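Visitor: Pasting a structure below so you can have a look.
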Amino acid sequence: MFQSASRQAVSTGAARLSADAREGELIARVANGDRGAFDKLYRIYYPRLMRFLERMTRRPPLCEEVLNDTMYVVWDKAATFTFRSRVSTWIFGIAYRKALQALRDLEDPVDFDFDTLSESADPGPDERLMRAQLQRILGESVNALSVAHRTVIELTYFHGAGYREIAEIMECPIDTVKTRMFHARRRLRALLPGSTEDLL
Amino acid sequence: MSSRVVKLDASAHQAVSELLPWYAMETLDESDRLRVDAHLAGCAQCREELEWHRMLRAVHAVPADAHGVEKSLAALHPRLDQRRDTPTGGPSGGSWWRAWLRSAPSLRWVAALEALALAGLALLIANPPPGPMTPSYRGLGSAPGGGNAPADVVVLFAPQTREFEMRQILQTNGAHVVGGPTESGAYLLVLPPASREAALAALQRESAVLLAQPLVASPQP
Chain S
1 MFQSASRQAV STGAARLSAD AREGELIARV ANGDRGAFDK LYRIYYPRLM RFLERMTRRP
61 PLCEEVLNDT MYVVWDKAAT FTFRSRVSTW IFGIAYRKAL QALRDLEDPV DFDFDTLSES
121 ADPGPDERLM RAQLQRILGE SVNALSVAHR TVIELTYFHG AGYREIAEIM ECPIDTVKTR
181 MFHARRRLRA LLPGSTEDLL
Chain U
201 MSSRVVKLDA SAHQAVSELL PWYAMETLDE SDRLRVDAHL AGCAQCREEL EWHRMLRAVH
261 AVPADAHGVE KSLAALHPRL DQRRDTPTGG PSGGSWWRAW LRSAPSLRWV AALEALALAG
321 LALLIANPPP GPMTPSYRGL GSAPGGGNAP ADVVVLFAPQ TREFEMRQIL QTNGAHVVGG
381 PTESGAYLLV LPPASREAAL AALQRESAVL LAQPLVASPQ P
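Printed below as a string of structure tokens:
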């Protein structure tokens, strides 16, 4: 079990390395004023950033504006990128700060009424329906977390960021990332089913 | 003595438990991953917790939606055009001749002139006249122009490549490092202008070089 995890980790790492090199090349071209390269980078990052911002802000109409503000900074400051971190870390860091800035200007209620969380439907025979229901419940549960907690959850499970990378994006110590994850996990475990058998 | 051992075990268990989300996502580095592997072999509680994280990973795996990307990109383009046309006050500030170049009505001939000037400067710096100040050694990062020359190519060496092998490859091809290493280990290089194509081809043939990609501006969409 652990050997196959090791082989998979190597293969995942190699694919990530290749994507990193491609994005590094694009950023270097953007720094030289290459609009074609910028458009390619934009299309690569749009789905991921949109998803990240939707989860972070919980306000879909705001997301396009924040996303474009983020990519504008990428265009404007590409020449200042030092290649000491991954391109994704840099871009998500900009997106995180832009989103926080946008949220500060809005009324963003942190409290969430857990009583309004939909109860899961009775288990039905359709596995896909159950998974869709669980995704909905998960989405509602994650939305109930604070901005910092749901950012850590989203970056970990959807964007595949390691804890060091998350610390860079959120500009906080590594221990803070782990603490936020600990509290987020505890709240989610209270809301979600405890085992895969319950899901399937 | 035994209470200290118990505390140590609890603390080690807690430290590994904190890593489980990233273990489930396969984003731990090698040393963390081995630590978790060793702990999981003897901890049923963590194995059960790991299954919960794998469930969370599976449920989170909803493909992101690219619908709307072209419309959003089109909305951003006017801002980009405006920014690049701004004559002064840019992030690189203004020495007066840069501001004059940027204020020219058509940027194409200006960009061509600037590229010509930079290429000439790079040639001059790459072949300095001999003198007492000419350094007798060059490190990997000591590129002509003080490391500020625009990069020609992005290169990725194989992970097991040793430093002296990298140095040999760079020296053989007249290449200099102007950026990197990035977190993924890529370097940005400047190649000799007079033999850029040949140097690039030679780099691509090197078995220790996984990737050697030229940085050429792609045509405007």
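Here the protein sequences line up with chains S and U, keeping their order. For the first sequence, the working numbering begins at 1 and goes up steadily by one. For the second sequence, the working numbering begins at 201 and goes up steadily by one. Cβ coordinates follow ideal geometry from the N, Cα and C atoms, glycine included. Just so you know, these numbers come straight off a predicted model, no measurement behind them.
1. If we ignore side chains and look at the alpha-carbon of each, how far apart do P414(U) and C172(S) end up?
2. With a CB to CB cut of under 7 Å and the five nearest residues on each side skipped, what residues in its chain are close to A210(U)?
3. So is N68(S) buried or exposed if we call it buried at 16+ other beta carbons inside 10 Å?
4. Using a C-beta to C-beta distance shorter than 7 Å, which residues of chain S count as neighbours of P278(U)?
5. Identify, in the order they occur along the chain, each residue of the same chain with its Cβ nearer than 7 Å to the Cβ of M225(U), setting aside the five sequence neighbours on each side.
6. Are the region 33-53 of chain S and the region 136-143 of chain S touching, with three or more C-beta to C-beta distances below 8 Å?
7. Check the Cβ-Cβ distances between N68(S) and every residue of chain U, and say whether any is below 9 Å.
8. Could you please give the first and the last residue of the uninterrupted alpha helix (DSSP H) stretch that includes P414(U)?
9. Can you check whether the CB of P47(S) is closer than 9 Å to the CB of A266(U)?
10. Could you check the C-alpha separation between V236(U) and V147(S) for me, to the nearest Å?
11. I want to verify the contact list: residues of chain S whose CB lies under 7 Å from the CB of P350(U), in sequence order.
12. The region 89-100 of chain S: which residues have C-beta closer than 7 Å to a C-beta of chain U, in chain order?
13. DSSP on L49(S), reduced to helix/strand/coil?
14. Bridge partners for F469(U) per DSSP, in chain order?
15. Just to confirm my understanding: we take R150(S), look at its own chain, exclude 5 residues before and 5 after, and list those with CB closer than 8 Å. What are they?
16. Please report the Cβ distance between N373(U) and A351(U), rounded to the nearest whole angstrom; I am assuming they are in contact, meaning their Cβ atoms lie under 8 Å.
17. Leaving out five residues on either side along the sequence, give the residues of the same chain with a beta carbon under 6 Å from the beta carbon of L155(S).
18. Whole-angstrom Cβ separation of V355(U) and L411(U), contact assumed at under 8 Å?
19. Tell me whether the beta-carbon of I169(S) lies closer than 9 Å to the beta-carbon of V87(S).
20. Looking at the secondary structure, which residues open and close the alpha helix (DSSP H) in which A184(S) lies?
21. What do you reckon, are the CB atoms on K98(S) and T80(S) nearer than 9 Å?
22. Ignoring anything shorter than 4 residues or poking outside the region 22-72 of chain S, list the alpha helix (DSSP H) runs there in chain order.
23. Whole angstroms is fine: what's the gap from I229(S)'s alpha carbon to R180(S)'s?
24. Would you tell me roughly how many angstroms separate the C-alpha atoms of A238(U) and L188(S), rounded to the nearest one?
25. For T82(S), count neighbouring Cβ atoms within 10 angstroms of its own Cβ and tell me buried if that reaches 16, exposed if not.
26. Considering only the alpha carbon of each residue, which of V377(U), G242(U), R396(U) lies closest to L389(U)?
27. Mind checking whether the beta-carbon of Y42(S) lies closer than 8 Å to any heavy atom of the ligand ZN?
28. Would a check of beta-carbon distances place E218(U) closer than 9 Å to chain S?
29. What number of angstroms, rounded off, separates the C-alpha of V73(S) from the C-alpha of I94(S)?
Guide: On the basis of the coordinates in this document:
1. One-based indexing of the second sequence puts residue 414(U) at position 214. One-based indexing of the first sequence puts residue 172(S) at position 172. Each residue's Cα considered, the two are about 36 Å apart.
2. Position 10 of the second sequence, counted from the start, is the residue given in the question as residue 210(U). If we look at A210(U) and ignore the five residues flanking it on each side, it has no Cβ neighbours.
3. Here residue 68(S) refers to the residue found at position 68 of the first sequence. Classification for N68(S): buried.
4. Your numbering for residue 278(U) matches position 78 in the second sequence. Contact note: P278(U) does not reach chain S at a C-beta cutoff of 7 Å; the least C-beta distance is about 11 Å.
5. As a working mapping, residue 225(U) is identified with position 25 in the second sequence. Counting only Cβ-Cβ distances below 7 Å, and skipping sequence neighbours, we find R257.
6. The answer is no - the region 136-143 of chain S does not touch the region 33-53 of chain S, with fewer than three Cβ pairs under 8 Å.
7. Taking the first residue of the first sequence as position 1, residue 68(S) is located at position 68. Closer than 9 Å to some Cβ of chain U, the Cβ of N68(S) qualifies, so yes.
8. Here residue 414(U) refers to the residue found at position 214 of the second sequence. Unbroken run through P414(U) is the beta strand (DSSP E), 409-414; no alpha helix (DSSP H).
9. Locating residue 266(U) in the second sequence gives position 66, counting from the first residue. Locating residue 47(S) in the first sequence gives position 47, counting from the first residue. Going by C-beta atoms, A266(U) is nearer than 9 Å to P47(S).
10. Taking the first residue of the second sequence as position 1, residue 236(U) is located at position 36. Taking the first residue of the first sequence as position 1, residue 147(S) is located at position 147. Distance between the alpha carbons of V236(U) and V147(S) is about 29 Å.
11. As a working note, residue 350(U) is residue 150 in the second sequence. Those within 7 Å of P350(U) in chain S are N32.
12. Taking a C-beta cut-off of 7 Å against chain U, none of the residues of the region 89-100 of chain S qualify.
13. Within the first sequence, the letter at position 49 stands for residue 49(S). Correct three-state label for L49(S): helix.
14. Absent from the structure is residue 469(U), since the part of chain U shown begins at 201 and ends at 421.
15. As a working note, residue 150(S) is residue 150 in the first sequence. A distance below 8 Å between beta-carbons, with the five flanking residues on each side excluded, links R150(S) to the following residues of its chain, in chain order: R55, M56, V142, N143, A184.
16. As a first step, residue 373(U) is located in the second sequence; it is residue number 173 there, counting from the start. As a first step, residue 351(U) is located in the second sequence; it is residue number 151 there, counting from the start. No, N373(U) and A351(U) are not in contact; Cβ-Cβ is about 14 Å, not under 8 Å.
17. In the first sequence, residue 155(S) corresponds to position 155, counting from 1. A161, I166, listed in sequence order.
18. Looking up residue 355(U) in the second sequence gives position 155. Looking up residue 411(U) in the second sequence gives position 211. About 7 Å; that satisfies the 8 Å criterion.
19. Here residue 169(S) corresponds to residue number 169 of the first sequence, with the count starting at 1. Here residue 87(S) corresponds to residue number 87 of the first sequence, with the count starting at 1. Contact check for I169(S) against V87(S) fails: the beta carbons are separated by 9 Å or more.
20. In the first sequence, residue 184(S) corresponds to position 184, counting from 1. Unbroken alpha helix (DSSP H) run through A184(S): 174-191.
21. To locate residue 98(S), count along the first sequence from 1; it is residue 98. To locate residue 80(S), count along the first sequence from 1; it is residue 80. Taking 9 Å as the Cβ cut-off, K98(S) and T80(S) do not qualify as a contacting pair.
22. 35-57
23. This structure leaves residue 229(S) out entirely; chain S is present only between 1 and 200.
24. Position 38 of the second sequence, counting from 1, holds the residue named residue 238(U). Position 188 of the first sequence, counting from 1, holds the residue named residue 188(S). For A238(U) and L188(S), the distance between alpha carbons rounds to 27 Å.
25. For this step, residue 82(S) is matched to residue 82 along the first sequence. With fewer than 16 other Cβ atoms within 10 Å, it is exposed.
26. Within the second sequence, residue 389(U) is the residue found at index 189, counting from 1. Cα-wise, what sits closest to L389(U) is V377(U).
27. In the structure shown, the ligand ZN is absent, as is every other ligand, since no ligand is present at all.
28. Sequence index remark: in the second sequence, residue 218(U) carries index 18 (1-based). Closer than 9 Å: yes.
29. Here residue 73(S) refers to the residue found at position 73 when the first sequence is read from its first residue. Here residue 94(S) refers to the residue found at position 94 when the first sequence is read from its first residue. Each residue's Cα considered, the two are about 8 Å apart.
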